[in-house]
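Residue numbers (the numbering used here): 5 to 122. Data block below; observations after.
If you want it as structure tokens, here you go:
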């Protein structure tokens, strides 16, 4: 993994895309540099033994999922949401928060209030 991360990292800064050769399928794939950045970050986290999950920016989270990401309790997060700290909506009785809104809230909150697991 470390070697893959190093080799991919060396490709960054050489243009807008990178051409990768897939040996098993004997195909070349053109990948945007932004995807290479993300893959390098993922490999870095995996090398450190951290689990990684990808989430679309428009994903909708339950309050428990959001609280887990922020490393805070669900009741704390619910209280913050009800106080207007971040936009949310309800599906029946259940609150949902968009991932992008959660990350904006995290940025406003700062590292002293929560330790987001990114």
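We treat Cβ as the ideally placed atom computed from N, Cα and C, and that holds for glycine.
- Residue range 31 to 36 is occupied by the beta strand (DSSP E) that includes residue 32.
- Counting only runs of at least 4 residues, the region 38 to 88 fully encloses the following alpha helix (DSSP H) elements, listed from N- to C-terminal order: 67 to 74 and 78 to 86.
- If you draw a straight line from the Cα of residue 98 to the Cα of residue 89, it is about 17 angstroms long.
- Judged by DSSP secondary structure, residue 99 falls within the beta strand (DSSP E) whose first and last residues are 98 to 102.
- Spatial neighbours of residue 109 in its own chain (CB-CB distance under 7 angstroms, excluding positions within 5 residues in sequence) are listed in chain order as 89 and 90.
- If the five residues before and after residue 6 are omitted, its C-beta is found closer than 7 angstroms to the C-beta atoms of 51, all from its own chain and listed in chain order.
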